[in-house]
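Structure first, then comments.
2 protein chains.
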Amino acid sequence: MSGSLPIALDAMGGDKAPHSVIHGARLALREYPNLKFRFYGDSAVIEPVIRKIKELRDISEVVHTEEVVEMHDKASVALRQRKNSSMRLAINAVSKKEACAVVSAGNTGALMATAKYVFKTLNGIARPAITATIPAHQRRVVLLDMGANVDCTAEHLAQFAVMGDAYARVVLGLEKPKVALLNVGAEDSKGHELVQSAHQLIKDSMHQINYVGFVEGNDILEGTVDVVVTDGFTGNITLKTAEGSARLIFNALKDAIQSSFWAKIGYMLAKPAISVALRKFDPRRNNGAILLGLNGIAVKSHGGTDAKGFAHAIQVAAKLVEQDINNKIIEELKQTAIKATVVSHSGTVQPLRVSETIN
Amino acid sequence: MSGSLPIALDAMGGDKAPHSVIHGARLALREYPNLKFRFYGDSAVIEPVIRKIKELRDISEVVHTEEVVEMHDKASVALRQRKNSSMRLAINAVSKKEACAVVSAGNTGALMATAKYVFKTLNGIARPAITATIPAHQRRVVLLDMGANVDCTAEHLAQFAVMGDAYARVVLGLEKPKVALLNVGAEDSKGHELVQSAHQLIKDSMHQINYVGFVEGNDILEGTVDVVVTDGFTGNITLKTAEGSARLIFNALKDAIQSSFWAKIGYMLAKPAISVALRKFDPRRNNGAILLGLNGIAVKSHGGTDAKGFAHAIQVAAKLVEQDINNKIIEELKQTAIKATVVSHSGTVQPLRVSETIN
């Protein structure tokens, strides 16, 4: 996409809003100088700040609203009763073509429900999936669904595999990403009916994907594959556990270093090398998950992040717009349908289980 | 239990067997001097080693068999065609009252299937659950099921809650352990039908348990509760992801330390303090998971562990025998049934959903 990249920002969402949002916008320009911003929220608070930032002054527009989605609002309440909220107006801007994408650090459930309602799902996708890359051993790994759908069918998982494949090609620049289903063992016979059916469906109908079968929990961060597909229940718990585990180790090390004089000295010496090594685990550098599978790009930022973290979420949105993620998914889904009807490993015509859900 | 504690050991199970098993037995005596051992396996290999270890010489018996369960054997094959294997004979020893518990580092699926077949489940328990404690922030946490049951019903999860409660009281010495269900959010409305039904069932019928509701993935290692209950699919993936996450951080730090001269010096200074802090994460100190809910104690050791790790698995078995874990579960299940029929928060008679599965 040439020219400018207008992004709609929910300026009131997140613990440190609107400052994290405004300064995040400023920082995001370093990587994407063609960004423009539409800030949605209380103009009395936002405008004075923007006026002082010369990088933002000429490329920003503020759309005033005093309504906000609260963190405790139920998704249904946000959807029905917050029609003039900063979040809702920012989402509407994308469907009105006033912006290419929306970024919000607000209430996750509200953002999911509202974006799904306003954008609708892509043709061929039944459910959107929360998707992001996470730092693993010597590579980044795409994980989906991170929590949008606690109940999934095999067809949903197969569609997630297509979306994850497209995401890895676009965001990680891989030609043939290795795509896998998360399971309790790598053998074909392992797991419950859901993963068994999804496994068969992907193998039978999605020959355009480099599907490598099942992987286990430890494989995610060992980086044995590029895309890990799972249901939103497992994905959400897995991601939060991985974060919790990393935090536990960091805190234990921090306590250890504080516990002795020599350890403190030692840490000071090792600090430069350690800081470099741990940079990739910085939550701010991993901030920004897309609600993938919708007719519009909506990126969720962590609610507690600062300007640097919010900037990363904006950059994720910009990259997905530039790389035209949604058309790539649609193209790939078409291949699935065609291949599934025309060819199979056994030479017979395959049942159209995936394409049935496409049309 | 007074007097000696005879333990049956599958001397041929595990990558480093039989040496890890024999020396593990020797090391386990340090904490439990009243242990006795029955080693099952190739006596031509085992006996010469034992004869050289004076602590073991007089308290060990070797039962010869040349049959072994291979790591690639399917559970069904192990059960039907390995009736004279070291694993099977060691399990049989418990049902014949020749030993109080069995410990094996062999094929997990085979051990689960065989132990379940030989021991049968406890009265009131439909399915056994793989259970162990894991190191969390400032406490140890009981996690179950770690992978025995990829499909669970609400009744299974409710029974796991009772077993986990008894396990935490026995192994962690807690009077009123906080028991929680793993979910994607802490609010009552979150999650899929399975956790919703289990939540209701535990709240309605299990007043003897200090049930605190839902926790999220990050809560496991933050140590917000003592017992985390989940299905075997989620539990297995969660545990392996947590281990993978810890390993990723350790490896990144190791590389960082190797990357510069000053970092190496710094690490040497900090090493004593760090070693102490990280000791609790040593996989060997966390080795040993019980297949909880059977009429007999079967502890699974990690297949790749060494003597120190295997010793820990034996000590887990010894503790569970001494503390009479199974009778405590049975007692607690009885309370559930009685309370569920007699009293409820609303004063009405509760449906006997749990106790129906008990009898």
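Line by line, the protein sequences give chains A and B. Residue 181 in the numbering used here sits at position 183 of the first sequence, and the numbers go up by one each step. Residue 302 in the numbering used here sits at position 304 of the second sequence, and the numbers go up by one each step. Where a beta carbon is used, it is the ideal one built from N, C-alpha and C, also for glycine.
(1) Starting from the beta carbon of LYS238 (chain B), find every residue of chain A whose beta carbon is closer than 7 Å, and list them in chain order.
(2) Specify whether the stretch 299 to 307 of chain A and the stretch 141 to 150 of chain A touch according to this definition: at least 3 beta carbon pairs, one from each stretch, less than 8 Å apart.
(3) Which whole-angstrom value describes the C-beta separation of GLY284 (chain A) and ILE132 (chain A), a residue pair presumed to lie in contact below a C-beta threshold of 8 Å?
(4) Out of B:GLY12, B:LEU109, B:GLY39, B:ARG28, state which residue places its alpha-carbon closest to the alpha-carbon of GLY430 (chain B).
(5) Using the C-alpha atoms, what's the distance from LEU267 (chain A) back to SER257 (chain B)?
(6) Give the DSSP-derived three-state secondary structure of SER102 (chain B) in the structure shown.
(7) Where does ARG137 (chain B) fall in DSSP's three states?
(8) Contact criterion: CB-CB distance below 7 Å. Does SER258 (chain A) meet it with respect to chain B?
(9) Whole alpha helix (DSSP H) runs in the stretch 4 to 40 of chain A with 4 or more residues, listed along the chain?
(10) Roughly how many angstroms separate the alpha carbons of LEU172 (chain B) and GLU29 (chain B), rounded to a whole number?
(11) Could you tell me the alpha carbon to alpha carbon distance between VAL67 (chain A) and GLY301 (chain A), rounded to whole angstroms?
(12) Just the Cα atoms here: how many angstroms apart are TYR165 (chain B) and SER203 (chain B)?
(13) So GLY211 (chain A) is in the beta strand (DSSP E); what residue range does that whole segment cover?
(14) If you check the beta carbons only, do ALA156 (chain A) and ALA271 (chain B) fall under 7 Å apart?
(15) Which of the three DSSP states, helix, strand or coil, is assigned to GLY1 (chain A)?
(16) For VAL139 (chain B), decide whether its Cβ has a neighbour in chain A, counting only Cβ atoms nearer than 7 Å.
(17) Measure the C-alpha to C-alpha separation of ALA130 (chain B) and THR63 (chain A) and round it to an integer number of angstroms.
(18) Return the first residue and the last residue of the beta strand (DSSP E) that ILE288 (chain A) is part of.
(19) By Cβ distance, which residues of its chain are closer than 6 Å to ALA103 (chain B), with the 5 residues on each side in sequence left out?
(20) For LYS176 (chain A), which residues does DSSP report across the bridge?
(21) Report the option in A:ASN181, A:ILE123, A:ILE207 whose CA atom is closest to the CA atom of LYS174 (chain A).
(22) What are the boundary residues of the beta strand (DSSP E) that SER58 (chain B) is part of?
(23) Could you give the distance in angstroms between the alpha-carbon of ILE5 (chain B) and the alpha-carbon of LYS262 (chain A)?
(24) Using a threshold of 7 Å, state whether the C-beta atoms of ILE48 (chain A) and LYS34 (chain A) are closer than that.
(25) Report buried or exposed for HIS154 (chain B), applying the criterion of at least 16 other Cβ atoms within 10 angstroms of its Cβ.
(26) Report yes if the C-beta distance between GLU53 (chain A) and ARG78 (chain A) is below 7 Å; otherwise report no.
(27) Can you confirm whether the stretch 274 to 281 of chain B touches the stretch 116 to 127 of chain B when touching is taken to mean that 3 or more C-beta pairs between the two stretches lie within less than 8 Å?
(28) Just to confirm, is the Cβ distance from ASN234 (chain B) to VAL182 (chain A) under 7 Å?
(29) Mind checking ILE336 (chain B): buried by the 16 CB within 10 Å criterion, or exposed?
(30) Determine the closest residue to PHE212 (chain B) out of B:GLY230, B:GLY291, B:GLY189, B:LYS81, with distance taken between C-alpha atoms.
(31) The beta strand (DSSP E) with VAL227 (chain B) in it runs from where to where?
(32) Please list, in chain order, the residues of the stretch 301 to 330 of chain A that have any C-beta partner in chain B closer than 7 Å.
(33) Counting only beta-carbon atoms, is TYR165 (chain B) nearer than 7 Å to chain A?
(34) Thinking LEU219 (chain A) and ALA134 (chain A) are a contact (beta carbons under 8 Å), I'd like their distance in whole angstroms, please.
(35) One question on the structure: do VAL225 (chain A) and VAL210 (chain A) come within less than 7 Å of each other, judged by their Cβ atoms?
(36) So that I know if they touch, is there some Cβ in chain B lying closer than 7 Å to that of ILE235 (chain A)?
The structure says:
(1) GLU214, GLY215, ASN216
(2) no
(3) Inspection of the sequence shows that residue 284 (chain A) is occupied by Asn rather than by Gly. With a Cβ gap of about 6 Å, ASN284 (chain A) and ILE132 (chain A) count as contacting.
(4) What is shown of chain B runs -1 to 357, which leaves residue 430 (chain B) out entirely.
(5) 12 Å
(6) strand
(7) strand
(8) Answer yes: the Cβ-Cβ gap between SER258 (chain A) and chain B drops below 7 Å somewhere.
(9) 17 to 26
(10) The C-alpha of GLU29 (chain B) is placed about 21 Å away from the C-alpha of LEU172 (chain B).
(11) 13 Å
(12) 19 Å
(13) 208 to 213
(14) no
(15) Residue state, collapsed to three classes: coil.
(16) no
(17) 53 Å
(18) 287 to 290
(19) GLY11, GLY12, SER299, GLY301
(20) A:ASN208
(21) The option with the nearest alpha carbon to LYS174 (chain A) is A:ILE207.
(22) 58 to 62
(23) 46 Å
(24) no
(25) buried
(26) no
(27) no
(28) Yes; because the gap between Cβ atoms is below 7 Å, this pair is in contact.
(29) Note that ILE336 (chain B) scores a pLDDT of 46, beneath 50, so its modelled location is shaky and nothing firm can be said.
(30) B:GLY189
(31) 225 to 227
(32) none
(33) no
(34) LEU219 (chain A) to ALA134 (chain A), Cβ: 5 Å. Contact.
(35) no
(36) Yes, contact with chain B.
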